Amino acid sequence: MNLFLRRVLPPILLIALTVLLIITLAATKKPPEKKPEDNTLPVVNVIQVEPDTETLSVASYGTVEPKYRTQLVSEVRGRIQTISPLFVAGGMVKEGDELAVIEPFDYQADLKQAQANLAQAQAALEEERARAEVAKVDFQGFSGIPPELGLRKPQLKQQQANVKYAEAELARAQRNLERTVIRAPFDGLVKSRDVDLGQYVTVGNNLGELYDTSVAEVRLPLANKDLAYIESADNPYTEVTLLAELAGKKVKWIANIVRSEGVIDATNRMVYLVAEVQDPYLRHTIAQTGQMSLKFGSFVDAEIRGRTLPNVAKLPRYLVRNNKIAVVDNEDRIEMRPVKVVRTDVESVYIQDSLKSGERVAKTTLMNMETGLKVKVSGDANNASLTKAEQLNDAAKAGNE
613 MNLFLRRVLP
623 PILLIALTVL
633 LIITLAATKK
643 PPEKKPEDNT
653 LPVVNVIQVE
663 PDTETLSVAS
673 YGTVEPKYRT
683 QLVSEVRGRI
693 QTISPLFVAG
703 GMVKEGDELA
713 VIEPFDYQAD
723 LKQAQANLAQ
733 AQAALEEERA
743 RAEVAKVDFQ
753 GFSGIPPELG
763 LRKPQLKQQQ
773 ANVKYAEAEL
783 ARAQRNLERT
793 VIRAPFDGLV
803 KSRDVDLGQY
813 VTVGNNLGEL
823 YDTSVAEVRL
833 PLANKDLAYI
843 ESADNPYTEV
853 TLLAELAGKK
863 VKWIANIVRS
873 EGVIDATNRM
883 VYLVAEVQDP
893 YLRHTIAQTG
903 QMSLKFGSFV
913 DAEIRGRTLP
923 NVAKLPRYLV
933 RNNKIAVVDN
943 EDRIEMRPVK
953 VVRTDVESVY
963 IQDSLKSGER
973 VAKTTLMNME
983 TGLKVKVSGD
993 ANNASLTKAE
1003 QLNDAAKAGN
1013 E
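In this text, residue positions in the sequence shown follow our numbering: the first is 613, and each later residue adds one.
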């Protein structure tokens, strides 16, 4: 008996206490808190659209050229006597400015000779008129018709013709003398000078080249499809903005389309429009702040003002796939909506009559994006509050269970 109490009973009591402790702990343990299931939704960024009246523009480029250019040539022969300091490459001249002078001595002598010949012819004409008056008196008693030769009519006509010939010779001599002075035919820029002081020139010799600075032209190539975006290729009032970088800063000028060249270039299949810039060198215009002259030979980018369309939304180009965009409705669900694309450029797409003011377009592209997909809008406070309420509701349900 004592052996039972010493060796068997203690282990049995220890086991019984252990079982009792386990039962007690199990009875007092709280059930684990049930957390609401995290229903993860894809997060998207959105852009709110505001359709508006949009003016389309067409991009092009070109080189600035003078509308008028002329080769100065000699109309008389002789030696270059003087050259104006303005008659150099890059010189700015005004209409009528003296550029060079050809030795005028021979032409001055010709003028004096023509004047003397005219004086002689006029004197001979006066003398012949006096003789004709005398002949009329002599034939007053003549019974028949006086002969014209007797009245000196043919002689009078000859002297009148001699006077006209002498007048023509005088006019030619005066013109030749005037042509010894080479003058600028318009306000312009001297492109080049091809003669030097003391050089002998003949009729037709090239003296230099002059560019008119009153109007500049830019030929703008356009693809045939781009013509659909402008009102009319022949509209002379289509506005063009010319852009170039001069002296390290962006400068712009306003031009106007004046005509289309009317043919498709066989080398590049382009249609050329011609834009004009008035007073490109600002010789007769008060320059605005930051405005600079538009020099001939400058390469410029051009934005041609196109058609004006109503109810157009401008969006980043990558948002449109297969002429559809992802619209996020009021319930934060995706709607893959077909759209009417009226214009696409390098960065943007122009959509007409497809979106309403205030609608949201998803900027984030998802792999499984389709109509009806539930999403979470990034930064949407209402959406965040709603999600919090749903989680609290789910937690309350779990506690009741």
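Built from N, CA and C at the ideal position, the CB exists for glycine as well. All values derive from a computational prediction rather than experimental measurement.
Whether residue i touches residue j by CB criterion (7 angstroms)
i, j, result
"K952", "I659", "no"
"V932", "Q964", "no"
"D944", "V875", "no"
"Y719", "N788", "yes"
"L768", "A744", "yes"
"E715", "Q693", "yes"
"R795", "V688", "no"
"P654", "L978", "yes"
"T983", "E959", "no"
"V705", "L967", "no"
"Q771", "L809", "no"
"E962", "V973", "The question names Glu, but residue 962 in the sequence shown is Tyr. In this structure, V973 does not lie closer than 7 angstroms to Y962 by Cβ."
"W865", "L834", "no"
"R895", "T825", "yes"
"M904", "V863", "yes"
"Y841", "G909", "no"
"Y949", "V939", "A quick correction: the sequence has Arg, not Tyr, at residue 949. Result yes, Cβ atoms of R949 and V939 sit closer than 7 angstroms."
"A828", "P922", "no"
"S1017", "N657", "Lying outside 613 to 1013, the shown extent of the chain, residue 1017 is not represented and no answer is given."
"V676", "V830", "yes"
"Y812", "R691", "yes"
Three-state secondary structure (DSSP) of residue i
i, result
"T983", "coil"
"F911", "strand"
"V775", "helix"
"E851", "strand"
"V676", "strand"
"N935", "coil"
"L894", "coil"
"Q693", "strand"
"R787", "helix"
"Q770", "helix"
"R929", "helix"
"V700", "coil"
"V886", "strand"
"E947", "strand"
"L626", "helix"
"V631", "helix"
"L711", "strand"
"T636", "helix"
"E959", "coil"
"A1001", "Residue placement at A1001 is poorly supported in this model, since its pLDDT is 41, which falls under 50; the coordinates are not used for a value here."
For residue i, the residue or residues it bridges with in DSSP
i, result
"V746", "Note: V746 sits in no beta bridge, so no partner."
"G1015", "The requested residue 1015 is not part of the displayed model; the chain covers only 613 to 1013."
"I659", "V973"
"K988", "V655"
"A671", "E915"
"E666", "L921"
"T682", "L822"
"R795", "E710"
"V940", "I946, R972"
"R805", "G820"
"V954", "Looking at the DSSP assignment, V954 forms no beta bridge with any residue, so it has no partner."
"Q903", "None; Q903 has no bridge partner."
"E964", "The sequence given here places Gln at residue 964; Glu does not occur at that position. DSSP output for Q964 lists V924 as bridge partner(s)."
Distance cut-off 6 angstroms: residue i Cβ against heavy atoms of the ligand ATP
i, result
"A938", "For the ligand ATP, the structure offers nothing, since it holds no ligand at all."
- [ ] Flag this pair as touching only if the region 819–830 and the region 723–731 have three or more C-beta atom pairs under 8 angstroms; answer yes or no.
- [x] Contact fails: fewer than three Cβ-Cβ distances are below 8 angstroms.
Open item on the list: Across the region 797–812 and the region 659–672, are there enough close Cβ pairs to call them in contact, namely three or more that are closer than 8 angstroms?
Closed with: Fewer than three pairs of CB atoms, one per stretch, sit closer than 8 angstroms, so the region 797–812 makes no contact with the region 659–672.
Open item on the list: With a threshold of 8 angstroms, are at least 3 pairs of Cβ atoms found where one atom belongs to the region 769–782 and the other to the region 672–688?
Closed with: As far as the Cβ criterion goes, the region 769–782 does not touch the region 672–688, which means the pair count is below three.
Task: Inter-stretch contact at 8 angstroms, needing at least 3 Cβ pairs: the region 853–863 / the region 691–711 - done: Touching, no.
Open item on the list: Taking 8 angstroms as the cut-off, does the region 680–687 touch the region 935–943 (at least 3 CB pairs, one atom from each stretch)?
Closed with: No, the region 935–943 does not touch the region 680–687.
Open item on the list: In chain order, what are the residue ranges of uninterrupted beta strand (DSSP E) at least 3 long that sit wholly in the region 808–876?
Closed with: Runs found: 818–824, 827–835, 851–858, 861–876.
Open item on the list: Would you call the region 912–930 in contact with the region 875–884, where contact means no fewer than 3 C-beta pairs closer than 8 angstroms?
Closed with: With the cut-off at 8 angstroms, the region 912–930 and the region 875–884 do not touch.
- [ ] Let me know the alpha helix (DSSP H) ranges lying completely inside the region 713–743, each 4 residues or longer, listed in chain order.
- [x] Listed in chain order, there is nothing to give.
- [ ] Evaluate the contact criterion for the region 624–641 versus the region 878–896: three or more CB pairs, one atom per stretch, below 8 angstroms.
- [x] Output reads no: the region 878–896 does not touch the region 624–641.
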